[in-house]
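Same order as they appear, the protein sequences are chains A and B.
Following this note's numbering, the numbering of the first sequence begins with -13 at its first residue and continues without gaps.
Following this note's numbering, the numbering of the second sequence begins with 4 at its first residue and continues without gaps.
Read through the structure below, which is laid out as structure tokens, and then see the notes.
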Amino acid sequence: MDAVFKALADASRRELLDRLRAESGQTLNELCTRLDMTRQAVSKHLAILEDANLVVTLRRGREKLHHLNPVPIHEIGERWIGKFEHSRLQALSDLKKALEAGEA
Amino acid sequence: MSKPKFVYVTFIRTTPQKLWSALTDRDFTKQYWFGVHHETDWKTGSPWKLVFADGRVADAGEIVESNPPRRLVIKWRNEFKPELRAEGYSRCTIDVEPVNGAVKLTILHEIDAPGSKLIEAVSGGWPLILSNLKSLLETGKVVFENKPAAA
């Protein structure tokens, strides 16, 4: 679990996860074209995310496609969120989203 | 854009054989899959069904590849929601691989329908099922007995 927290403790890596959430299965090149980071930096961040099992890669021919793997984050939620708290937390989260959407 | 799919990976402290049994045993499946069970003999080419506790068929299809205890490929179509059924068959690949005394479980689920609602639906369900499965194999207990209220 240390690897997951370490991987998440960086804004650039969270940004990469956001991109993969928006579109799963991107190559390193695809990820680089839309980010303000060097290819080398993106590659390094992806390696850290992969070590933490937050990113999973699949081969398609010669390409390596990156996918977000939400399972470790789900396990973190499960460790600290009781099974009866889900609906209340969801209600709170929905309220926050509804109120903040109004501000935009 | 690549076709709709997700890939989930989890590591479980068990053996490939035990994990395979957990994935395919009817009574064991019910414990971590919210009462749902499979109806199939798990042989390549055999029909496959996922059945609710009340007997309704949730999903159905065919075992495309069965290589115990390593790989299972299922041709998978939703049967109880017309708009999901209309998307046709998806493909679910389950890989079991020993890694450093644990087992790496990879679930890859994909479909050719752009903007698939089926993939959206199953992608929400799998993390809960995987957590329950991991917990049941490692500690003998499930995390969620009933599915938490839909998000």
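For glycine and all other residues, C-beta sits at the position ideal for the given N, C-alpha and C.
Going by CA-CA distance only, name the one from the options that's closest to residue i.
i	options	result
residue 106(B)	45(B), 43(B), 133(B)	133(B)
residue 51(B)	39(B), 66(B), 58(B)	66(B)
residue -7(A)	66(A), 75(A), 54(A)	54(A)
residue 5(A)	-4(A), 21(A), 78(A), -10(A)	21(A)
residue 135(B)	64(A), 85(A), 74(A), 71(A)	64(A)
residue 10(B)	0(A), 56(A), 81(A)	56(A)
residue 2(A)	82(A), 32(A), 51(A), 79(A)	32(A)
residue 57(B)	15(B), 46(B), 39(B)	39(B)
residue 16(A)	39(A), -12(A), 46(A), 52(A)	52(A)
residue 48(A)	14(A), 61(A), 66(A), 68(A)	14(A)
residue 73(B)	114(B), 62(B), 145(B), 27(B)	27(B)
residue 44(B)	34(B), 29(B), 55(B)	29(B)
residue 116(B)	21(B), 128(B), 103(B), 94(B)	94(B)
Using a Cβ cut-off of 7 angstroms (strictly closer), state whether residue i contacts chain A.
i	result
residue 13(B)	yes
residue 145(B)	no
residue 134(B)	yes
residue 50(B)	no
residue 10(B)	yes
residue 130(B)	yes
Beta-carbon separation of residue i and residue j under 7 angstroms?
i	j	result
residue 76(B)	residue 68(B)	yes
residue 138(B)	residue 7(B)	no
residue 17(B)	residue 108(B)	no
residue 36(B)	residue 71(B)	no
residue 12(B)	residue 42(A)	yes
residue 91(B)	residue 79(B)	no
residue 35(A)	residue -1(A)	yes
residue 97(B)	residue 110(B)	yes
residue 87(B)	residue 121(B)	yes
residue 41(B)	residue 32(B)	yes
Counting C-beta neighbours from all protein chains within 10 Å, is the total for residue i 16 or more, i.e. buried, or is it exposed?
i	result
residue 130(B)	buried
residue 10(A)	buried
residue 12(A)	buried
residue 7(A)	exposed
residue 58(A)	buried
residue 126(B)	buried
residue 49(B)	exposed
residue 143(B)	exposed
residue 25(A)	exposed
residue 39(A)	buried
residue 99(B)	buried
residue 25(B)	buried
Any beta carbon from chain B within less than 7 angstroms of residue i's own beta carbon?
i	result
residue 77(A)	no
residue 55(A)	yes
residue 42(A)	yes
residue 15(A)	no
residue 64(A)	yes
residue 60(A)	yes
Taking 6 angstroms as the line, does the beta carbon of residue i fall inside it for any heavy atom of the ligand MN?
i	result
residue 91(B)	Ligands are entirely absent from the displayed structure, and the ligand MN is therefore not among its contents.
Inset, instruction - Run through the region -5 to 75 of chain A for me and flag every whole beta strand (DSSP E) of 3 or more residues, listed as ranges in chain order. - result: Taking only runs of at least 3 residues, the beta strand (DSSP E) segments lying wholly in the region -5 to 75 of chain A are 41 to 46, 49 to 54.
Inset, instruction - Report the residue ranges of all beta strand (DSSP E) runs contained in full by the region 59 to 117 of chain B; include only those spanning at least 3 residues, in chain order. - result: Within the region 59 to 117 of chain B, the complete beta strand (DSSP E) runs of at least 3 residues are 60 to 70, 74 to 81, 93 to 102, 105 to 114.
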